[in-house]
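So the protein sequences, as listed, match chains A and B.
Numbering follows our numbering, with no gaps: position 246 of the first sequence is 246.
Numbering follows our numbering, with no gaps: position 160 of the second sequence is 160.
Take a look at the structure set out below.
There are 2 protein chains.
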Amino acid sequence: MDIGFIGLGIMGRPMALHLQQAGHRILVPERASLPQEVRAVATVLPDAAAIAATAEAIILMVPDTPDVEAVLFGPRGVAAGLAPGKLVIDMSSISPTATKDFAARINALGCDYLDAPVSGGEVGAKQATLTIMVGGPQAAFERALPLFQAMGKNITLVGEANGAGQTCKVANQIVVALTIEAVGEALVFASKAGADPAKVRQALMGGLATSRILELHGERMITRSFNPGFRIALHQKDLNLALQSARELGVSLPNTAATQQLFSACVAAGGGGWDHSGLVQALEAMAAHRVA
Amino acid sequence: MDIGFIGLGIMGRPMALHLQQAGHRILVPERASLPQEVRAVATVLPDAAAIAATAEAIILMVPDTPDVEAVLFGPRGVAAGLAPGKLVIDMSSISPTATKDFAARINALGCDYLDAPVSGGEVGAKQATLTIMVGGPQAAFERALPLFQAMGKNITLVGEANGAGQTCKVANQIVVALTIEAVGEALVFASKAGADPAKVRQALMGGLATSRILELHGERMITRSFNPGFRIALHQKDLNLALQSARELGVSLPNTAATQQLFSACVAAGGGGWDHSGLVQALEAMAAHRVA
Numbered sequence: 001m002d003i004g005f006i007g008l009g010i011m012g013r014p015m016a017l018h019l020q021q022a023g024h025r026i027l028v029p030e031r032a033s034l035p036q037e038v039r040a041v042a043t044v045l046p047d048a049a050a051i052a053a054t055a056e057a058i059i060l061m062v063p064d065t066p067d068v069e070a071v072l073f074g075p076r077g078v079a080a081g082l083a084p085g086k087l088v089i090d091m092s093s094i095s096p097t098a099t100k101d102f103a104a105r106i107n108a109l110g111c112d113y114l115d116a117p118v119s120g121g122e123v124g125a126k127q128a129t130l131t132i133m134v135g136g137p138q139a140a141f142e143r144a145l146p147l148f149q150a151m152g153k154n155i156t157l158v159g160e161a162n163g164a165g166q167t168c169k170v171a172n173q174i175v176v177a178l179t180i181e182a183v184g185e186a187l188v189f190a191s192k193a194g195a196d197p198a199k200v201r202q203a204l205m206g207g208l209a210t211s212r213i214l215e216l217h218g219e220r221m222i223t224r225s226f227n228p229g230f231r232i233a234l235h236q237k238d239l240n241l242a243l244q245s246a247r248e249l250g251v252s253l254p255n256t257a258a259t260q261q262l263f264s265a266c267v268a269a270g271g272g273g274w275d276h277s278g279l280v281q282a283l284e285a286m287a288a289h290r291v292a
Numbered sequence: 001m002d003i004g005f006i007g008l009g010i011m012g013r014p015m016a017l018h019l020q021q022a023g024h025r026i027l028v029p030e031r032a033s034l035p036q037e038v039r040a041v042a043t044v045l046p047d048a049a050a051i052a053a054t055a056e057a058i059i060l061m062v063p064d065t066p067d068v069e070a071v072l073f074g075p076r077g078v079a080a081g082l083a084p085g086k087l088v089i090d091m092s093s094i095s096p097t098a099t100k101d102f103a104a105r106i107n108a109l110g111c112d113y114l115d116a117p118v119s120g121g122e123v124g125a126k127q128a129t130l131t132i133m134v135g136g137p138q139a140a141f142e143r144a145l146p147l148f149q150a151m152g153k154n155i156t157l158v159g160e161a162n163g164a165g166q167t168c169k170v171a172n173q174i175v176v177a178l179t180i181e182a183v184g185e186a187l188v189f190a191s192k193a194g195a196d197p198a199k200v201r202q203a204l205m206g207g208l209a210t211s212r213i214l215e216l217h218g219e220r221m222i223t224r225s226f227n228p229g230f231r232i233a234l235h236q237k238d239l240n241l242a243l244q245s246a247r248e249l250g251v252s253l254p255n256t257a258a259t260q261q262l263f264s265a266c267v268a269a270g271g272g273g274w275d276h277s278g279l280v281q282a283l284e285a286m287a288a289h290r291v292a
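Next comes the structure, spelled out in structure tokens:
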């Protein structure tokens, strides 16, 4: 299949290369920053409109809601090149409500739209083991499924309404952030009470407190390994999406709000680039105590 | 070994029976409520002092800090019957700081003291798969290890200072409560945004959000199975211990405090007897929306 791929950053680059290795022709927009490994195997076209005019499916993997809007509807954007029957897949993590609007505008051009954000980070992108959470019509999902299978493993059609994938991603980021915060509170408490946090983590593993976060991020807190990983500034963006959507929906998220404040404290301390496990340092500052 | 066992409730009864089945003689205090299955296999003595005078090790499994204090130091309590060289093991979940005091008073009588609270609930007690978190001297731990192995599986000497076991248990209860709350916020958000919470839970399993809580309690929230399990009133007691100890230590636990308020809201709604996954109903009330 001819696949347009827009957004060749840390995540997008390995994802596009997996699609190319699966036998697809990859079309990318010209820019000075285009990585050499992509340029070597992809077809380079002048802009997103040219890509949309040529490709059958167009995948977006860009940072935030305004970036998706600009790529889709800006000058020489995707919408300017679309013809009926094409498939637009936004794999960025953006606003669920804006997604519904973008999808409606793409549908009005006679094209399918899927929101398909991922989790699993750079490692998941490189190993093609991403979790992919999809919103959109069943038929469009089935059309895109071979592409998703080239990039990920745990692939779920969350709902047939657009936005369901983004909603699921927001839910994921809530659980991840709040579980990191939970492990942080527990380890700061235990450490300040005089217990060895490594022993506490070990004792908790295997019981009801077991989580991927306790395993990975609990260890990072103890070994002080705050190199990303997943940057606090990005998780702050995700919780901002959660809180903004929650306001629109009339949902109260008390611990998401408090955890966002702890991320803000980290950013204020110059920690926007820390791995999100570095959140523990905001709790440590409040207790004037370091876990390890 | 002759083992005194005080506190034959839902947890203590199966624990004592496992010790008896492992070949130990079990000594219990006389009371009208003594379960017949225990009376049939145990040696019944008039009170805790008589048990302490006869047994080599005395295990406590009672509800709260004042109960432990009364059993140990009340009239005809354990301390009144102890002679040097005996081993007192408190497997109740109580205050880490009170534990240090109780241990010092027992040590002053020439006896060893271990704090060894458990997690795993009634099922873990019945199946002898409890997680046991121990604080106290290495030698005392080794003396008690065969007893622990008859009752549990994941057995950790968290620290050689008394209170380390209780501190670890508090840390466990913080992580469990806050992870339940995290899953609750995520599912209420997703559901109110129009996504199917069962699909969202499925999409999240396997990724970074994976936890025992998402698996078990996430499902209970979706299927509305709020029969305990572990009662909110008990978890409220545990978070109270966490917050009280945190005040003493100078640790700030923002999400533990907020989650305790949600437990309080459940209790106010008549939900003290709900399983702790019922916490989601406090979040639902704030959003005027039910997950499923």
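C-beta: ideal position from N, C-alpha, C; glycine also.
All values derive from a computational prediction rather than experimental measurement.
Output needed in chain order: residues of the region 120-141 of chain B with a Cβ under 7 Å from some Cβ in chain A.
Per Cβ criterion, the list reads G120, T131, M133.
Using three-state DSSP, classify T131 (chain A) as helix, strand or coil.
strand
With 16 as the cutoff for other CB atoms within 10 Å, does A246 (chain A) come out buried or exposed?
buried
Could you tell me whether the Cβ of C266 (chain B) comes closer than 8 Å to any Cβ of chain C?
Here the protein chains are A and B, and chain C is not one of them.
On a CA-only basis, which of B:S252, B:R143, B:L243, B:E248 is nearest Q260 (chain B)? Give me that one, please.
B:L243
Considering only their Cβ atoms, is the gap separating A171 (chain B) from A190 (chain A) smaller than 8 Å?
In terms of Cβ geometry, A190 (chain A) and A171 (chain B) form a close pair [threshold 8 Å].
According to DSSP, which residues form a beta bridge with G4 (chain A)?
A:L27, A:I58
For the alpha helix (DSSP H) holding K100 (chain B), just list the boundary residues, first then last.
96-107
Per-residue DSSP class, three states only, for G152 (chain B)
Per DSSP, reduced to three states, the secondary structure at G152 (chain B) is strand.
Assign R224 (chain B) to one of three DSSP states: helix, strand, or coil.
coil
Counting only runs of 4+ residues fully inside the region 247-278 of chain B, write out the alpha helix (DSSP H) ranges in chain order.
Within the region 247-278 of chain B, the complete alpha helix (DSSP H) runs of at least 4 residues are 254-268.
Quick one: residues in its chain with C-beta nearer than 8 Å to the C-beta of Q138 (chain B), no 5 flanking neighbours on either side, listed in chain order?
L157, E160
Using a cut-off of 8 Å between C-beta atoms, extract the partners of Q202 (chain A) located in chain B.
T156
Using a 10 Å radius around the Cβ and a threshold of 16 neighbouring Cβ atoms, would you call R31 (chain B) buried or exposed?
exposed
Excluding five sequence neighbours on each side, which residues of the same chain lie with their C-beta closer than 8 Å to the C-beta of L239 (chain B)?
Q173, I174, A177, T256, T259, Q260, F263
Relative to the C-alpha of A182 (chain B), which residue among B:G194, B:T210, B:Q166, B:K199 is closest?
B:T210
Considering only C-alpha positions, which residue in the set A:T43, A:V68, A:H18 is nearest to P117 (chain A)?
A:V68
Look up D47 (chain A) in the DSSP assignment and say whether it is helix, strand or coil.
coil
DSSP three-state call for I89 (chain B): helix, strand or coil?
strand
If A144 (chain A) and L87 (chain A) are in contact, beta carbons under 8 Å, what's the gap, nearest whole angstrom?
Confirmed, Cβ separation roughly 6 Å.
Close-in-space but distant-in-sequence residues of the same chain around G218 (chain A) (CB under 6 Å, 5 per side omitted)
V183, R201
Can you find a C-beta in chain A that's less than 8 Å from the C-beta of A161 (chain B)?
yes
Beta-carbon proximity of R39 (chain B) to I3 (chain B), cut-off 8 Å
no
Could you pull the DSSP bridge partners for G184 (chain B) from this structure?
Beta-bridge pairing links G184 (chain B) to no other residue.
Please compile the residues from chain A whose C-beta is within a distance smaller than 7 Å of the C-beta of K199 (chain B).
T156, V158, G159
Chain A residues whose Cβ lies nearer than 7 Å to that of M295 (chain B):
Any answer about residue 295 (chain B) is impossible in this case: the structure gives chain B only from 1 up to 292.
Closer than 8 Å, CB to CB, is K192 (chain A) near chain B or not?
Taking 8 Å as the threshold, the shortest C-beta distance from K192 (chain A) to chain B falls below it.
With a Cβ-Cβ cutoff of 8 Å, do I51 (chain B) and P29 (chain B) count as a contact?
yes
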